[in-house]
Amino acid sequence: MATLDDVFVVDAVTHAYNQTEENYRVPRYAEQVANVGAALEAKMPDGYQRTREDFLGDWPVENTENAVFRESQTDFAVMHPQSISVFEDGLTDEAKARAFFERNPTRTAAFASIDAVGLDDPLADLTRQVEAFDPHGVKVYPSYWERDGTHHEFKMNDPEDAFPLWQHAVDLGLDVVAVHKAFPFATAPMESYKVGDVEEAANSFPELTFEIVHGGLTFAEETGWQIARHPNVYVNLELTLTELVTTPTSFVDSLQQLLYAGGKQAVDKIIWGTGAPHFHPQLLLERFWNYDFPEMESFSGPFEITEEDKRKILGENFAEAHGFDLDELEAGIEGDQYSDVEMAEEPWSTTDFEVVE
């Protein structure tokens, strides 16, 4: 079996959270969001757990780039700014994301994020972001909140709020719309976290790739039928991948459901995303690459998850979905600031995070 050194790895979702209490815009909900991550962090293996104080701190961009490029075999990454409006800065501030792009120009592609219902003019704000740092895609969420905690639902197929935004994305030359699904925030209704509304958007805007983030964590079977039927719908495994560490059999079940409708061909629709440094990227990479998957059942018959399939998930599918040439990405990182750096052996050893002893 080849090693991970032979694989070009693309992490399609990284972040730089600010989970401090000072960043809570709607404290009762922001605290819930932060504590879910902290609870999962506590289930990580020895050496990978950070102190609660560090985990719930304000993560500098340097921690993301070091965890991803110095402590893992990740070659290329997309940082998502966030617009989770229970936090003052959305959880990952746009300025942090822009700094990440600027500091790592050979290793990353820019992404935008929009509060699709809370802004007076989300189209104008998307234009501003495109002019400011040239993102190739935009991230949206199914729930947004006012400062008093009032909840607003956003549907991907809404003719007034969503479709004008997708048309504007096309007009601006964007390629990808990534939507947070499957993992509900706070007390927001589960309905908006289902994937059914993606279908009409994908049919109506074939120029765009629609990426379901956290795909398979819930509603996996329905999501599997989406990716099997729509050529421009993909699944991103951010957060779902943590099951490889906490409950590996659950991850296999999730992947099985995602692939059941489309079978072997549906493997081409699965994109690697860790949310690093929410969890350590090398831990997830090693668990996935070395996992011996059982025979998978599908509507069209059983099949195996091969090394070639893993390569697709770890990078090739991203290139196809996001419109990049993988060979060009690989050539672009030759001779950059990380090329001659040996990967750190200890997790979090090049970051400001402290490990639980």
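Each number in our numbering corresponds to the 1-based position in the sequence shown with 827 added. Beta carbons: idealized from backbone N, C-alpha and C, even for Gly.
Out of Ala1055, Ala1013, Leu1141, Met1123, the CA that lies nearest to the CA of glutamate 1113 is found in Leu1141. Annotated as proximal: aspartate 985 and aspartate 1024, with beta-carbon spacing under 9 Å.
Annotation: the continuous alpha helix (DSSP H) that includes aspartate 1136 extends over 1134-1138. Within the same chain, and ignoring the five residues on either side of phenylalanine 1120 in sequence, the residues whose Cβ sits closer than 8 Å to its Cβ are Val1079, Leu1082, Glu1131, Ile1132.
A distance below 9 Å separates the beta carbons of threonine 919 and proline 908. According to the DSSP assignment, glutamate 980 belongs to the beta strand (DSSP E) that extends over 978-980. Here asparagine 1030 is exposed. Its C-beta has fewer than 16 other C-beta atoms within 10 Å. Inclusion of glutamate 1038 and tyrosine 1061 in the CB contact set at 9 Å is warranted, their separation being smaller than that value. Here the segment 953-962 makes contact with the segment 988-1006; the two share three or more CB pairs at distances below 8 Å. Per the Cβ contact rule, the segment 961-969 is in contact with the segment 932-941 (3 or more Cβ pairs under 8 Å). Isoleucine 911 and aspartate 988 have their C-alpha atoms spaced approximately 17 Å apart. Lys1096 is the residue among Ala1088, Lys1096, Lys1091 whose C-alpha sits nearest the C-alpha of leucine 1064. The residue among Arg855, Arg877, Tyr856 with its C-alpha nearest the C-alpha of alanine 865 is Arg877. Nearest neighbour of tyrosine 1118 by Cα position, chosen from Glu1134, Ser1127, Gly1128, turns out to be Glu1134. If you compare the alpha carbons of Pro854, Phe903, Val888, Thr847 with that of arginine 879, the shortest gap goes to Thr847. Residues Phe903, Gly1142, Phe1145 of the same chain have their beta carbon placed closer than 6 Å to that of valine 837, with the five preceding and five following residues left out of the count.
Counting only runs that start and end inside the segment 836-913, the beta strand (DSSP E) elements of at least 3 residues fall at 837-841, 903-906. As the crow flies, the alpha-carbon of glutamate 1048 is around 43 Å from that of aspartate 1167. With a cutoff of 9 Å on beta-carbon distance, glycine 1042 and histidine 842 are scored as not near each other. Secondary structure in the segment 935-994: the beta strand (DSSP E) runs of 3 residues or longer, each lying completely within the stretch, are 964-967, 970-972, 978-980 in chain order.
Within 10 angstroms of the beta-carbon of methionine 983 lie 16 or more other beta-carbons, which makes it buried.
Taking a 10 Å sphere around the C-beta of proline 1058, we find fewer than 16 other C-beta atoms and assign the residue as exposed. Cβ-Cβ separation between alanine 1055 and alanine 1093: approximately 5 Å, consistent with a contact (criterion under 8 Å). Beta bridge pairing from DSSP links tyrosine 1061 with Glu1038.
Around the C-beta of lysine 1139, 16 or more other C-beta atoms lie within 10 Å, and the residue is accordingly described as buried. Taking 9 Å as the cut-off, the Cβ atoms of leucine 1035 and tryptophan 993 count as close.
Here the segment 1151-1164 does not lie against the segment 852-867, with fewer than 3 beta-carbon pairs under 8 Å apart. Per DSSP, reduced to three states, the secondary structure at histidine 1149 is helical. In the DSSP secondary-structure assignment, alanine 1088 is not bridged to any residue.
Rounded to the nearest whole angstrom, the C-alpha separation of histidine 1105 and asparagine 845 is 11 Å.
A straight line joining the alpha-carbon of valine 913 with that of threonine 1050 spans about 27 Å.
Rounded to whole angstroms, the gap between the alpha carbons of lysine 1137 and valine 834 is 9 Å.
Beta-bridge pairing by DSSP links alanine 1103 to Thr841. Within the model, the alpha-carbon separation for tryptophan 1175 versus valine 863 is close to 21 Å.
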